[in-house]
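Below is one structure, written out as structure tokens; the observations come after it.
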Ligand SMILES: [Zn+2]
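In my numbering, the protein residues as written are -14 to 227.
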């Protein structure tokens, strides 16, 4: 009985370590996947995954524009096809757009070549709208493994991790609570992650909109300056050649 308990505990611990290697925002064991840039200056990058998803993406963009803040949006190919005018508008307003896969389905990590196609198809769609080729990518659920990171780098794509504004954000945790945690967790050089959609499936995001407003104003009041991810990391946002 005790032996069975020890084995179960061992299995759980092994799974936890494995899970950490593959999806923890700060894990770098399989290769560079930056989640911050430590520095003395109070700068922060705010990022959004899983959009575009209306009206929430535009509500966030309207607010950021009013505050003179530029964000980085990791977009899902099928969502861009659903709301192409939103992606166009983000680019025109000076925000940066990166690749967050075509369909945001976990199964694409399990079939050989499937995730590569997800990335490539999304690059084609984004290139059509942006007139340039994204150089930033965030894999769904921040999943990483050596072969996947090598595939991204061969394509000139920089994977970008970050810290979650709030771990329960996708379940519509109250926006004010999300913002309190996001502000408290921010350090000079942080990359904050919010979601303007849910796993590329759209969904209500009004609490995220509220959280973003409170987080941005809270950080501005603390003397933070917002930059895009490429500016923070000192890497290009787009490939030199279209
Ligand atoms: Zn995502």
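Ideal Cβ placement from N, Cα and C applies to all residues, glycine included.
With respect to the alpha helix (DSSP H) encompassing residue i, which residues constitute its N-terminal and C-terminal limits?
| i | result |
| --- | --- |
| residue 196 | 191 to 206 |
| residue 48 | 41 to 52 |
| residue 137 | 131 to 139 |
| residue 160 | 160 to 170 |
| residue 75 | 69 to 77 |
| residue 100 | 99 to 115 |
Can you tell me whether residue i is buried or exposed, with buried defined as 16 or more other CB within 10 angstroms of its CB?
| i | result |
| --- | --- |
| residue 135 | exposed |
| residue 159 | exposed |
| residue 97 | exposed |
| residue 111 | buried |
| residue 168 | buried |
| residue 35 | buried |
| residue 133 | buried |
| residue 225 | exposed |
| residue 125 | buried |
| residue -8 | exposed |
| residue 13 | exposed |
Considering only heavy atoms of ligand 1, does any lie closer than 7 Å to the CB of residue i?
| i | result |
| --- | --- |
| residue 181 | no |
| residue 125 | yes |
| residue 249 | Absent from the model: residue 249. The displayed extent of the chain is -14 to 227, so no value can be given. |
| residue 151 | no |
| residue 191 | no |
| residue 114 | no |
| residue 85 | yes |
| residue 68 | no |
| residue 157 | no |
| residue 35 | yes |
| residue 80 | no |
Can you tell me the Cβ-Cβ gap for residue i and residue j, rounded? I've got them flagged as a contact below 8 Å.
| i | j | result |
| --- | --- | --- |
| residue 146 | residue 10 | 5 Å |
| residue 150 | residue 217 | With a Cβ gap of about 16 Å, residue 150 and residue 217 do not count as contacting. |
| residue 220 | residue 120 | 7 Å |
| residue 103 | residue 118 | Actually they do not touch by this definition, with Cβ atoms about 16 Å apart. |
| residue 85 | residue 60 | 6 Å |
Among the residues of its own chain, which have a CB less than 6 Å from the CB of residue i, if the five just before and after it don't count?
| i | result |
| --- | --- |
| residue 212 | 28, 30 |
Could you spell out the range, first to last residue, of the beta strand (DSSP E) harbouring residue i?
| i | result |
| --- | --- |
| residue 60 | 57 to 60 |
| residue 34 | 28 to 36 |
CB-CB under 7 Å to residue i, same chain, minus the five flanking residues each way: which ones, in chain order?
| i | result |
| --- | --- |
| residue 76 | 82, 115 |
| residue 43 | 71 |
| residue 22 | 174, 217, 218 |
| residue 101 | 136 |
| residue 130 | 7, 15 |
| residue 187 | 38 |
Would you say residue i touches ligand 2, meaning its beta carbon is less than 7 Å from a heavy atom?
| i | result |
| --- | --- |
| residue 184 | Judged by which ligands are present, ligand 2 is missing from the structure shown, whose ligands are ligand 1. |
Going by beta carbon distance, what residues of the same chain come within less than 8 Å of residue i, once the five residues before and after it are set aside?
| i | result |
| --- | --- |
| residue 204 | 29, 168, 171, 211 |
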